Structures are given as structure tokens and as C-alpha cells.
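Asker: Right, I'll just put the structure down here and ask away after.
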Amino acid sequence: MRTRLADIYRPHFARRAICVHGNAVTRTGAFRNVFPTRNGCTARLLAWVIGLCTILPVYAQDTEEPAPVLPDLTPQVVEIRTGLDISLPSLQRQPLIGFNPPPRVASVPADRRPYAEVYKQESADLPDSPLAALDPDPIASLSSGAPGRGMAEAAAGRYLGRLIRLRTELPLSRNAAFHARVDYAGSEGHSPADIPENISASFNTFEALVGLQQKTGPVSFGLDLDGLVHARRMYGAVPGARHISGLRTTPLRTGQGGGGAIWIKTNAAARVDFHARARYGAHSWETNANLRESETDSDTFTRNESVWVLESELALPVTSGSELAGDVRYTQLGFDTEEINSVSMLDIGAGTRIRSGPRLQAMGGIRFLTFTESDSTSSTWIAPDIHLDFRLLPGLQFYARNDARAEHRSTASMYRENPFLVDRPIVQPTVYTLDMRIGGRMQVNVVGIDVYGGYANAPNFRYFEAARIGESRGYAQGMIAARYAEATIAYAGGDLSVHLPAGLSIAAGITFRNGKLKEDDTDIPYFGPVTGRGGLSWSFRNGRGFLQTTLDYEGARHITAGGIQKLDGYFDVDASALYPITQRIGVLLRLDNIVAGSAARWEHYDRTPFAISLGARTQW
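Using the numbering used here, the first residue of the sequence shown is number -10, and each one after it goes up by one.
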């Protein structure tokens, strides 16, 4: 390229050089005289410049360095003056079918026929499930290795009232645990108006139970030991005029005793439901009624008692939805008295339970009831035992049942119910051969209603009555006797419960009853025609705190059979509250007998006036 361009333009450069340099050598003077002919030279010079401008780009392109292959990674400063708009590719899918809202007017095919058969298969027609029932954690979920759990509280208040309660469960291993229960209540008591000033209605009651339980395979078994110590001032007992010199006014009654029990039962995973328990106990009761200078036999006011209790229950599935069930309870009492040295009570029942679908449950059987006194006098009854439950709607249920039963007792259990009995009360079972009850339950959201009515016939009914002076061993008042006779009871009532989501629960109930002693057609003593009950409970702080109120009412009642003297109705209202301070400790407040007044549950024994107690509770 360079040789060709030189050959082309060499004559022009030579002539231009001669013209310029030759004239410059030979001539001098002004610049306008350099060229002899100005226009011709100017035209040739312009053509030469244009040609030079045309050749230089071609030469530059031919001599330019090649561009680098790698990109320039030198950081650059970029200024963005507008918004960033990112456009992503979109996917085009087919629309989904079947998720559109239903039409306002359903389109029903003209040939559609409604399904008139049972929609769900009855549970009785289903085959037995091969899966075993879930077995809960052994020993009340204590096998997780966590420390034991329990509750303890103590309180003290007016009249030097005191209260101690303890409940605890401690795991010993994965399948073994220890449990304990302690209850103590005491008070120096108030001073009633009709007794000497130095005598008060004092009492002390202590009861405790400790036990061990062990789970082995499908069964659990355990051992329990219990004991009690009682002391109560009989502040309403006054001796008669003929015995005032030999008997104390307002004597003190004490009692102590204990016992042990062994038991065994099947766990939830077992197909057969079985439970058996055997217990033996011995108790001694004494009233210091005799004065020191009296020659009266001190054994008159004592009662020593031994108790054997054997009980068992069995439920054996036969087919899906039905099972055979039976139970037996035997009680043997021994006394150290010549009049009655023993009492035995036996209650045996057997029947079949049937479940026909989710609506109907039925149980039919027969019960054998008997008791014997001193191996000579005995009484026996046979009665039907029937239960029917029919669920008409999910929230509506009707039931009818005849609950034949025998209520076994001991001297200790009777003193718990009525601590002012004579020193040697008669102990027999209360036997119901007929207790027919019909009612219905309804549940509407948080409101539950139970309405019922019934009729009961008890050929051996236990009732209380003011003791005669011979039964009380010389006391004219303040002693109550236990008697037994045939009685009939007609009753009707209802219960209402409301459980609100905020932790507030309300319950109330009332029962109207008419109890008659069949032989004399007289009202049953100490058997009020109207009873009422109620309660209000509110829990807060995730259940760690609570406010609770209980209410009990019983109408006016006779104190003797066929008598005209009545006790006024009494109304008992108690309240308690627990306010948590920490996770485990709370302050306890108790209000007892808020509206006690002068009404008495038992004749000559006015209830303790209003009392307030303050204490603490801890949980773990």
C-alpha cells in the first residue's frame, strides 16, 4: 500500500517542491510574489489536501491494534437517572376447573333420586379393630423422669381456726410411684350462748393416707395405709336431771384408728376391665362422759370396731357393642359389745350392657342384697337394675333407670356424716330396691340443663332422730340416734350449668322431695322437703388462680318422727380465693359460713359464725 501511493503522488510532490523551493531560492520579497500564478497553485493545493484526508483513515484502519478478547473489568461509575423496570417472563397455564364458587341456585338433575338409606355404617356392624387401645403413661404421667408433683396449703383464722392439706405423687421408677394425702382441720370454736363460758365448740380432725403403686404389663397393683385421729367437743350434750351428778356437760369425744388395703386393676390396654380391692381397718371411739367420782361403767361410752371390706368389678366384652358386667361388695363389721357383736353386708349384681349405635345404650341386670346381724337376724332382697340412655340429638339425651343398691357403712363413716351420734349407733346398710328416675339432659353451646323426677322405695332406710334418754345413756339433749325403717321418697328437680370461655363457671340446682316413713306415714326426720345447691368458679392466670363460691340450702325439717318441732332451714355460703404470687406460690383466702345466722344442721348444735382465714398454697 505504501509503495503504490508513493508512485502515484511522487510527480506531484516533486513539482510542488520545485515550485516552492525553487522560487524561494531564486526570488525574495513579499509572500504574494511567491507564486507567479495564484489561482492555479491554490487549486492544486486544495486537491492535494482532499486526497491526503482520504488516504489517512484508510491507513489508520490498516495499522490499528486488534481489540482485546477479554472484557474490561475496570470498575465504572454509572449514574441511573430513571426508575428500574425489570420484566420477567410469564407462564401461560390452563385455568383450573372445579374451584369456582357454587351457583346461587343449585342445579339439580331431573333424574336425581335422594339417598334414603342409613348414611353411616352402624358401629355394631363393624369388625373388631386389630389395634390395641392406647396405654397412657404409667402412674399418672409421672414416668417421664420429671420430679414429683403435688400441692400443699396451710391457713389460719378466726377462733384459732387452722387448716392443712397435702397432695403429692412421687415417681420411684418408670412404673412405680408413691402417693400421699393429708387433711387436718381444727378450731378452738365459738362459745354458744346456752352453755358455760369456759366451754367452746372446739374440734380437731386429722386423716392421712400413703400408698405405693406398681405397673406390670397389663395390670397395676398397689398398697395403701390410712389413719385418723379425731377429737370433738359435744357442746350441745346436757345430762338429764337424774344423771347430772354422774355425767359431764359437753363431754369430749375422741377417736383413732387406721387400716390397710391392697388392690389390683387392669390397665387401659387390656381388653377385660377388672378391679379388686381388700381392706382391713380398726377404730376406737370414746366419750369422756363419766365424772371421776361416778361409779358408772366407763365402757358404756366406748365403741371398738373392726372392718373387713372386699369389693370387685368385672366387665367382659362379648361381641362388638356388648359386654357382660358384674360386681360384688362385702362388708364385715365386728364390735366389742354384747348386744350386737357383728354385722355383715353383701351386695351382688350381674347384667349385660348393650350399645346399639351412637344413640342407644342399655344395661339390664339383677341385684342381690342382704345383711345379717350377729349371725341371727338377716334380711334379703332381689331387685332389677336397669339403665337406658337414648340420644335423640347431639345435644339432647333422655334417660330412665332403676338404681337398686345397698349403701354400706361403718361407725367411722357415720361419725363423719353426723359427729353428734350416740356412742354406740346401730350400723346397717340403706337398701334401695326401687329408685326409678326419668329425666333429660340438654346441652346448648355453653349451657347445660338436667331435669329429672323419680320415686324410691327403701325397705331399710337409715334416718336420724333425737335420741331418747335411754339410748344416750343419761343425756337429755345433744345426742342423736340412727334408726332404720321402710320409707318412700318422691322427688323432682333440675340442675343448670354454664361454662364460659373466660374461665367462669356457674352451677345451680334445686330438688323438691317428699319422704315418708311407710309404717306410720310420717315425715322422715332431718329430711328437708327442699334442697338447693350452687356454685360459682372463676379461674385466671392460666388456671393458677381461682375464685370459688359454694352454696347449700336445706328447708325446715322435723327432729323426731311424728313430732311437731322443726328446725329452721339453713343456708350455708362459703368462698375461697387463691392469688398466685409466683409460678408456684399463692396467697389463699377462705370465708366460711358467710350467712350462718343461728340456723343449725343438728339440734342444739349451732354452726360456727362467720370466720375468715388467710394462708398460702404451693404447687410443684
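Virtual Cβ for every residue (Gly too), placed ideally from N, Cα, C.
Everything numeric in this text was worked out from a predicted model, so none of it was measured.
Looking at the secondary structure, which residues open and close the alpha helix (DSSP H) in which residue 592 lies?
Answerer: Counting along the chain, residue 592 falls outside any alpha helix (DSSP H), and DSSP gives it neither H nor E.
Asker: Can you list, in chain order, the residues of its chain with a C-beta nearer than 8 angstroms to that of residue 180? Leave out the 5 residues immediately preceding and following it.
Answerer: Excluding positions up to five away in sequence, the list reads 186, 188, 189 and 190.
Asker: Could you give the DSSP three-state label for residue 134: helix, strand or coil?
Answerer: Confidence at residue 134 is low in this model, with a pLDDT of 49, below 50, so its placement is unreliable and the value that follows should be read with caution. Reduced to three states, the DSSP call for residue 134 is coil.
Asker: At which residues does the beta strand (DSSP E) containing residue 425 begin and terminate?
Answerer: That run of the beta strand (DSSP E) goes 423 to 433.
Asker: Under 6 angstroms Cβ to Cβ from residue 333, same chain only, skipping five residues before and after it: list those, please.
Answerer: For residue 333, where only same-chain residues beyond five positions count, the Cβ hits under 6 angstroms are 321 and 361.
Asker: Could you pull out every unbroken beta strand (DSSP E) segment of at least 3 residues lying fully inside the segment 335 to 389, listed in chain order?
Answerer: With a minimum length of 3 residues, the continuous beta strand (DSSP E) runs that stay inside the segment 335 to 389 are 349 to 362 and 366 to 382.
Asker: Going along the chain, which unbroken runs of the beta strand (DSSP E) with 3 or more residues stay wholly within the segment 486 to 553?
Answerer: Fully enclosed beta strand (DSSP E) runs of 3 or longer: 493 to 506, 519 to 529 and 534 to 543.
Asker: Just mark residue 101 as buried or exposed, buried being the case when its beta carbon has 16 or more other beta carbons within 10 Å.
Answerer: Label assigned to residue 101: exposed.
Asker: Using only CA atoms, which one of 475, 262 and 532 lies nearest to residue 513?
Answerer: Nearest C-alpha to residue 513: 475.
Asker: Please return the same chain residues whose Cβ sits closer than 6 angstroms to the Cβ of residue 444, not counting the five positions on each side in sequence.
Answerer: For residue 444, where only same-chain residues beyond five positions count, the Cβ hits under 6 angstroms are 425 and 479.
Asker: Kindly identify the DSSP beta-bridge partner or partners of residue 253.
Answerer: Its beta-bridge partners are 210 and 265.
Asker: Return the first residue and the last residue of the beta strand (DSSP E) that residue 404 is part of.
Answerer: Run containing residue 404: none in the beta strand (DSSP E); it sits in the alpha helix (DSSP H), 400 to 406.
Asker: Taking contact to mean at least 3 C-beta pairs separated by less than 8 angstroms, is the segment 226 to 237 in contact with the segment 450 to 464?
Answerer: Because the criterion of three Cβ pairs below 8 angstroms is met, the segment 226 to 237 and the segment 450 to 464 touch.
Asker: Apart from the five residues just before and just after residue 153, which ones in its own chain have a Cβ nearer than 6 angstroms to its Cβ?
Answerer: Contacts found: 143 and 173.
Asker: Give me whichever residues DSSP pairs with residue 558 in a beta bridge.
Answerer: Partner(s): none; residue 558 has no beta bridge.
Asker: Ignore the nearest five residues each way along the sequence and tell me which others in residue 288's own chain have a CB closer than 8 angstroms to its CB.
Answerer: Closer than 8 angstroms at the Cβ level, and outside the excluded window around residue 288, lies no residue.
Asker: Where do the N-terminal and C-terminal ends of the beta strand (DSSP E) with residue 452 fall, by residue?
Answerer: Counting along the chain, the beta strand (DSSP E) containing residue 452 begins and ends at 436 to 455.
Asker: Who are the Cβ neighbours of residue 113 in its own chain at under 7 angstroms, not counting the five residues just before and after it?
Answerer: With a pLDDT of 49 at residue 113, under the threshold of 50, the modelled position of that residue is not reliable, and no figure is offered here.
Asker: Per DSSP, which residues does residue 171 bridge with? Please list them.
Answerer: Residue 171 pairs with 155 and 197.
Asker: Distance, Cα to Cα, residue 608 vs residue 147?
Answerer: Straight-line Cα distance between these residues: approximately 25 angstroms.
Asker: With a threshold of 6 angstroms on Cβ separation, who are the neighbours of residue 511 within its own chain once the five nearest residues in sequence on each side are excluded?
Answerer: Here the set comprises 550 and 551.
Asker: Identify, in the order they occur along the chain, each residue of the same chain with its Cβ nearer than 7 angstroms to the Cβ of residue 590, setting aside the five sequence neighbours on each side.
Answerer: Here the set comprises 559 and 596.
Asker: Just how far apart, CA to CA, sit residue 566 and residue 520?
Answerer: Approximately 26 angstroms, taken between the alpha carbons.
Asker: Residue 297 bridges to which residues according to DSSP?
Answerer: DSSP, once it has assigned bridges, lists 269 and 321 as partnering residue 297.
Asker: How many whole angstroms separate the CB atoms of residue 498 and residue 484, which I take to be in contact at a CB cut-off of 8 angstroms?
Answerer: Residue 498 to residue 484, Cβ: 4 angstroms. Contact.
Asker: Between 216, 432, 454 and 464, which has its C-alpha nearest residue 472's C-alpha?
Answerer: Of the listed residues, the one whose Cα sits closest to residue 472 is 454.
Asker: How should residue 384 be labelled, buried or exposed, when 16 other C-beta atoms within 10 angstroms of its C-beta is the threshold for buried?
Answerer: Exposed, by the Cβ-count rule.
Asker: Assuming the contact rule is C-beta atoms closer than 8 angstroms, residue 199 and residue 465 should be a hit. Round their C-beta distance to whole Å, please.
Answerer: Residue 199 to residue 465, Cβ: 43 angstroms. No contact.
Asker: Using alpha carbons as the reference points, say which of 599, 542, 434 and 423 lies closest to residue 371.
Answerer: Of the listed residues, the one whose Cα sits closest to residue 371 is 423.
Asker: How big is the Cα-Cα spacing for residue 268 and residue 213?
Answerer: Looking at the two C-alpha atoms, the distance is approximately 9 angstroms.
Asker: Mapping DSSP to helix, strand and coil, what is residue 568?
Answerer: Strand, per DSSP.
Asker: Starting from residue 228, follow its DSSP beta bridges and name the residues at the other end.
Answerer: Paired residues: 464.
Asker: Who are the near neighbours of residue 554 in its chain, counting only those whose CB is closer than 6 angstroms to its CB and skipping five residues on each side?
Answerer: Excluding positions up to five away in sequence, the list reads 548.
Asker: With 16 as the cutoff for other CB atoms within 10 Å, does residue 330 come out buried or exposed?
Answerer: That one is exposed.
Asker: Counting only the same chain and skipping the five closest in sequence on each side, list residues whose C-beta sits under 6 angstroms from that of residue 394.
Answerer: 421.
Asker: So is residue 570 buried or exposed if we call it buried at 16+ other beta carbons inside 10 Å?
Answerer: Residue 570 comes out exposed.
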